[in-house]
Each structure stands twice: as structure tokens, then as C-alpha cells.
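All remarks here apply to the structure that follows.
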Amino acid sequence: MSPHLSSEKTYLFVAIGLLILYVFPYIWLGEGAHLTIHDNLDSDFLYLYLLKLTKTAFDFDLKTVIPNMMSGGQFTGIPRSAFRTGLNLEVLSFWLLPPYAAQVVNFAAVHGIGFVGMYLLLKKHVLQEANWAFTRVTLAFLFALVPCYIVHGASVTGQPLLLFAFINLLQKRSHWSDWLIIALFPFYSFFVWAGLFICVALGVIGLWSMVRLRQINLGYINGLLLLSFLYLASEWELIYGFINQTYISQRTEFGYSQLRSMKLADSLRRSIDLFVWPMFNTGAFFTVWILIVAGLSAWKAYTQRDFRAVKWLIGLPILAIVICLAHGLYHYLVVWLGDSSLGMKFRVFQFDRFYFLLPTLWFFLFACSLRQFRANTALNRLFLAVQLVLMIFANKEWRINIGKMAGAITEARQPSFRAFFAEKQFAQIRDYIGKPQADYRVICLGMHPSVAQFNGFYTLDSYQNNYPLPYKYAFRKIIATELAKGTKQMRVYYDAYACRAYLYTAELGMNYLFGKTQNKSVNNLQINTDALVALNGQYIISAVPIHNAAENRLHLEKVFDEPESYWRVWLYKVANGYGPDALHPRL
Numbered sequence: 023m024s025p026h027l028s029s030e031k032t033y034l035f036v037a038i039g040l041l042i043l044y045v046f047p048y049i050w051l052g053e054g055a056h057l058t059i060h061d062n063l064d065s066d067f068l069y070l071y072l073l074k075l076t077k078t079a080f081d082f083d084l085k086t087v088i089p090n091m092m093s094g095g096q097f098t099g100i101p102r103s104a105f106r107t108g109l110n111l112e113v114l115s116f117w118l119l120p121p122y123a124a125q126v127v128n129f130a131a132v133h134g135i136g137f138v139g140m141y142l143l144l145k146k147h148v149l150q151e152a153n154w155a156f157t158r159v160t161l162a163f164l165f166a167l168v169p170c171y172i173v174h175g176a177s178v179t180g181q182p183l184l185l186f187a188f189i190n191l192l193q194k195r196s197h198w199s200d201w202l203i204i205a206l207f208p209f210y211s212f213f214v215w216a217g218l219f220i221c222v223a224l225g226v227i228g229l230w231s232m233v234r235l236r237q238i239n240l241g242y243i244n245g246l247l248l249l250s251f252l253y254l255a256s257e258w259e260l261i262y263g264f265i266n267q268t269y270i271s272q273r274t275e276f277g278y279s280q281l282r283s284m285k286l287a288d289s290l291r292r293s294i295d296l297f298v299w300p301m302f303n304t305g306a307f308f309t310v311w312i313l314i315v316a317g318l319s320a321w322k323a324y325t326q327r328d329f330r331a332v333k334w335l336i337g338l339p340i341l342a343i344v345i346c347l348a349h350g351l352y353h354y355l356v357v358w359l360g361d362s363s364l365g366m367k368f369r370v371f372q373f374d375r376f377y378f379l380l381p382t383l384w385f386f387l388f389a390c391s392l393r394q395f396r397a398n399t400a401l402n403r404l405f406l407a408v409q410l411v412l413m414i415f416a417n418k419e420w421r422i423n424i425g426k427m428a429g430a431i432t433e434a435r436q437p438s439f440r441a442f443f444a445e446k447q448f449a450q451i452r453d454y455i456g457k458p459q460a461d462y463r464v465i466c467l468g469m470h471p472s473v474a475q476f477n478g479f480y481t482l483d484s485y486q487n488n489y490p491l492p493y494k495y496a497f498r499k500i501i502a503t504e505l506a507k508g509t510k511q512m513r514v515y516y517d518a519y520a521c522r523a524y525l526y527t528a529e530l531g532m533n534y535l536f537g538k539t540q541n542k543s544v545n546n547l548q549i550n551t552d553a554l555v556a557l558n559g560q561y562i563i564s565a566v567p568i569h570n571a572a573e574n575r576l577h578l579e580k581v582f583d584e585p586e587s588y589w590r591v592w593l594y595k596v597a598n599g600y601g602p603d604a605l606h607p608r609l
């Protein structure tokens, strides 16, 4: 065995050991670990669990409706087709395992795929020589630390592995394993977030190569067709609904001119922000260091008259700039297209999500940059060490859990999975009400409705990316006065966006995380109780006390407190709604 091969195996074992340590806090803390709430526990994570809870994970009937949210009165809930397909491996994992266990398994899988994919890509196509072993293993480890959202599966971290397979096809050196990678990828990623843009990028790469070589590569074309077909097959319900408009979505009323500034300077600033710090759900990390290394590398390549390297080292950042500008300026296109058929498509589906490609692009640039310097030098290791520090800093969720393990971060500061979903506390609320949960509707105040939904309650409020437009207006009647009292930002957020159909109040603003230690209250709530009753709303689950509850025909039933819970819950019953006893609280 050669010394280089022996060393590489050692590097791999060390990297794998470090990845296990990376996952370890989530295993050690169990449900006491903190998981990101924004766009995760408040929504996408909950959607995956709801498919199991409602026994609709493998229901492919376009007529199926999930009634656990936004159902009441004339409304029956959210079409099953608006959720993740049952053919997705993440859906399968949540069906097979308890929700937290499924999260940890997917966490390990997503980051593990990132490591393996980047390592194979670098070893075969970028840093092939034996003396680059330390660099390619370290780069693969750093890429595995990209803090992308686990609910998107391998949409981000799987891109190097997919690129590895397609480059093999491009070079006509494919193996059966390359076809397996291509065939499995659509079932562990998400077409809406990244799949379409991955297919477009691979199409451009293939077209560029075939034009340059002046020959058709049937293997590559067949691989791209297979990937595209399997994406369409795996997400056929969602795609069918988008094309045929099986229902009119609230997304058709997205007001880009209100949600985003129409000033060019602000749009350019948005593009710069994305360039420096990629979108949070794709895996945000500080990119300037990679850009500095690329600049030094480009200058070195230029002085050595390596113009091919210069093209790559300048071209990749330019491509990143184009992607960031496409995102920053996208709203101008949507506004210009207006209410035309094409405009509606661009409004409903965000065609600017090429930014999901940025983490892979940046690390590919980093690898190309390091290649201009000699392998195993102190300078190369310095570049890698600085990036390691930046990646650790970027992993906020992981750092919080390290703090929890050390006892430095309390539940009051950053709630754990157990404290956030508060299953024991909400079981007490369910038992107190004493009726089948499907027979009544609740609405939440001061907390994300996903907490109640996770515990089996049927909520009128919800965070949904896609739901029938008429419900937006029916729900708005409940909060109309509070929206009028509140800030312009709150009104715009609902009227021009409305993915969060929440019980907004002027006093609480756009905060949905009031823990038991915050001692916040609402003094002058003004909701339309008749509109609430019209949707069969019978209870308010509130994280804060409502001091003028009687003025809103609400009666305090009981205050629920539980040591493990992040919340203190005030349960209010809607009076004059359902029977003569509705005026009187239960004793």
C-alpha cells in the first residue's frame, strides 16, 4: 500500500469520525435538542409529520383533502397534492420513525451524502492526484457542514454527487452506480426548491460541452431525460396542480411590488447580500473568504499564463453574481408581466431559485482555487482552517446544541424540540376539552399553530405555502381590525403574502414565540368573533393572557403549565357560539 493511499484512508476515517461528532449532540440531547423553528418546525417539518398523522402519506388521489388546518365552515382543508409526494424518501422516513428520530436520521443522511458526493467529485474530476488527499477530504468535510435545511433532503448537499455522476456520463466513463445516483436523486430531493434548477444547470453544462466538442453525447442526454422524467413522476400531483390549476392558490395574489422594494439600490443590495451570505434554507455561510482565495488564485494563474484556470476562477464568481442578480431583480419581471398567464406562472412559482445551486458552486470554486497553490502547504491549510471556522460559525443550530450540552443555553432562550411541541401539556388541553379533535377548531395566539397541529388539533390558522385563495379572505375577517391597528408591514405581509394565516394582533406584532418567561399580555384584543364562529372556531390557545377577553366573547377556561414546556397556555372558549353552556367556563 502506498503512503499516499494509507494517509488518505486515515484522513477519511478522521473526517467520518468528525461527522459522527457533528451528529452526536442531536443523539445525546434527544428531544432536548434545539431544531430550527423558522421555515422548519413551524412548517415543513410539520408537513412531513402530518402526512403520517392523517394517514395520507401514500394517498395519491387528487381529491384527497387534509382537514387538520384551514378547515371550518365551508372550507374543508388543504389539498393533499399541496404537500410532499409519498414517493419521497423523507416522507417514508417520517412514516416509519417517530418525528424526532426521522429528523436525526435525515440529518445524518443529508450531511453524509454531502461528504461522499463532494469527495468523489474532487477525487475524480478536480483534485485527482494523490498528494491532494488531505485537501479533498477536508473540502468534502467542510461542504458536509453546510447548514442547509434537512426537510429539503439532498436538494443541496446531493448536488456534488449528482454532478459527479453526470460528469462521468459526459466523459463516457459511466458506471451502473452513476445511473443509480441519477435514478434515486429525485426521490430524496424536492423539485420545487431545487430540482428544476438542477435540471436546467445540467442541461446547460451538457449543451456547452456538446457544442464545444461538436458531438452528441447520448449517454448524457439519456441521463438528463431520466432525471427529469423521474422528477416529474415523483412530484406529479404538485406539478399537475400547478399546470392545470386544480384550485386557485393564494399565491396568485403575491404582491411582489409590495413585498420587495422597487428601488434599484435596494434590489442590488439584496443581490449583494445573497452573494456574500447564501439563502438561509440552502445553507448560509460567509463566502467572502472563498472569494479572496479565488482572487489570489486567479492572479497567480494569470502570472503563470494559465488562462484556462483564470477563466474558471473568474467565470464561477460571475455565474454566482448572475444567479444573485436573478434573485434580486426577479420581482421586476413579475410586476412587468402583470396578470398575464405567464405572469401568473412566474408569480406562483419562484423561478429565481437558482440560488439553491450556490453552495456547490462556491465549494467547487474553492477547490479550483486551492489547486493553484501547491498541495499540503501551510498556505493551503491556512485557507482550509479559516473556512472551517467560518462553517462552524455558520451552523447556528449546531452551536446552540453545543451550548445546551454545556448548560450555557436554557430552554427559555432556545426551546428544545420537546419544549416547543409540548406534547404532555397539549395532551392535558385535549383531555380537558374532552371532545374528538375533529369536532372543533382552534386558533392560536402568540405561538406557531404548528404546535397545536403537531398535537392533533385542527387549527384555523396555519403556515402554508399553497392553499385555496378564498380561505385567505375568510380568515382575514377575523383579524381585520387588528391588521388595521397594526403596522403597515403587518398588513402588507398578510395581504400581499398570506402564507402565514395567523392571529395577528397590533400589540404582539409579527412575533409568534412568546414563552412562559416573557410575561407578555394582550390588553386590547379586537377580533371579529362572528367570523371566528363562522369557521367553527371554538377555542383560542393563547401563549399570553388576554385582559379584555370578555369584550371579544371569550371565556378563560383554564391556564395550563407544564415543567417541560416552553409555553404557558391560556385556553379560551368562544362564547355564544355553540350551545347554551358556551357562556360558562368549565369548572
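Count along the sequence shown from 1, add 22, and you get the number used in the working numbering.
The beta-carbon is built from N, C-alpha and C at its ideal position, and this holds for glycine as well.
{"Item": "Would you report the Cα separation of ARG440 and PRO585, rounded to the nearest angstrom?", "Value": "11 Å"}
{"Item": "Look up LEU167 in the DSSP assignment and say whether it is helix, strand or coil.", "Value": "coil"}
{"Item": "Closest by CA to VAL126, which one among TRP50, LEU191, MET140?", "Value": "TRP50"}
{"Item": "Just to confirm the assignment: which complete beta strand (DSSP E) runs, minimum length 3, are found wholly within the segment 281-362?", "Value": "none"}
{"Item": "Cα separation between THR527 and ASP552?", "Value": "17 Å"}
{"Item": "Which ranges would you report for the alpha helix (DSSP H) in the segment 25-100 if only whole runs of at least 4 residues count?", "Value": "25-51, 66-75"}
{"Item": "Within the same chain, show all residues whose beta-carbon is closer than 6 Å to that of VAL332, passing over the 5 residues directly before and after it, in chain order.", "Value": "ALA320, ALA323, TYR324"}
{"Item": "Would LEU467 and LEU525 be called neighbours here (beta carbons separated by less than 7 Å)?", "Value": "yes"}
{"Item": "By the 10 Å Cβ neighbour count, where 16 or more other Cβ atoms means buried, how is TYR600 classified, buried or exposed?", "Value": "For TYR600, the pLDDT reaches just 43, beneath the cut-off of 50, and the residue's location in the model is therefore unreliable, leaving the point undetermined."}
{"Item": "Over what stretch of residues does the alpha helix (DSSP H) that includes TRP258 continue unbroken?", "Value": "258-266"}
{"Item": "Sort out for me which residues DSSP pairs TRP198 with in a bridge.", "Value": "DSSP, once it has assigned bridges, lists no residue as partnering TRP198."}
{"Item": "Is DSSP giving PRO607 helix, strand or coil here?", "Value": "The predicted position of PRO607 is uncertain, since its pLDDT is 37 and thus under 50; no value can be drawn from it."}
{"Item": "Cα-Cα, which of VAL566, ALA523, ILE243 is closest to THR539?", "Value": "VAL566"}
{"Item": "Can you give me the C-alpha to C-alpha distance between GLU79 and PHE67, rounded to a whole angstrom?", "Value": "It is worth fixing the name first, because residue 79 is Ala in this sequence and not Glu. Whole-angstrom Cα-Cα distance: 14 Å."}
{"Item": "With DSSP collapsed to three states, give me the class of MET532.", "Value": "coil"}
{"Item": "Just confirm the distance between the C-beta atoms of THR644 and VAL168, as a whole number of angstroms; I'd bet it's less than 8 Å.", "Value": "Residue coverage of the chain in this structure runs from 23 to 609, which leaves residue 644 outside it and unanswerable."}
{"Item": "Output the distance between the C-alpha atoms of ARG522 and LYS145, rounded to the nearest integer angstrom.", "Value": "45 Å"}
{"Item": "Does the segment 480-491 come close enough to the segment 453-465 that 3 or more CB-CB pairs lie under 8 Å?", "Value": "yes"}
{"Item": "Within 10 angstroms of its Cβ, does ALA131 collect 16 or more other Cβ (buried), or is it exposed?", "Value": "buried"}
{"Item": "Name, in chain order, the residues that DSSP records as bridge partners for SER231.", "Value": "Looking at the DSSP assignment, SER231 forms no beta bridge with any residue, so it has no partner."}
{"Item": "Sort TYR71, ALA37, ILE38, LEU34 by Cα distance to PHE476 and report the nearest one.", "Value": "TYR71"}
{"Item": "What residue from GLY108, SER362, GLY54 has the CA that sits closest to GLY425's CA?", "Value": "GLY54"}
{"Item": "Does the segment 103-116 come into contact with the segment 193-211, if we say contact requires no fewer than three beta-carbon pairs (one atom in each stretch) closer than 8 Å?", "Value": "yes"}
{"Item": "Which residues in the same chain have their Cβ closer than 8 Å to the Cβ of LEU246, if we skip the five residues on either side of it in sequence?", "Value": "PHE188, CYS221, LEU224, GLY225, GLY228"}
{"Item": "What distance in whole Å lies between the Cβ atoms of MET427 and PRO47, which are believed to be in contact at a cut-off of 8 Å?", "Value": "6 Å"}
{"Item": "Quick one: residues in its chain with C-beta nearer than 6 Å to the C-beta of ILE204, no 5 flanking neighbours on either side, listed in chain order?", "Value": "ALA187, GLY245, LEU248, LEU249"}
{"Item": "Measuring straight from C-alpha to C-alpha, what distance separates SER289 and GLN486?", "Value": "26 Å"}
{"Item": "Smallest Cα separation from ALA562: which of THR503, THR107, PHE308, LEU593?", "Value": "Ala is not the amino acid found at residue 562; the sequence shown has Ile there. Of the candidates THR503, THR107, PHE308, LEU593, the one whose C-alpha sits nearest the C-alpha of ILE562 is LEU593."}
{"Item": "So the candidates are TYR69, GLY39, VAL45; which of them puts its Cα closest to the Cα of PRO471?", "Value": "TYR69"}
{"Item": "Could you tell me which residues DSSP puts in a beta bridge with SER564?", "Value": "LEU467, TRP592"}
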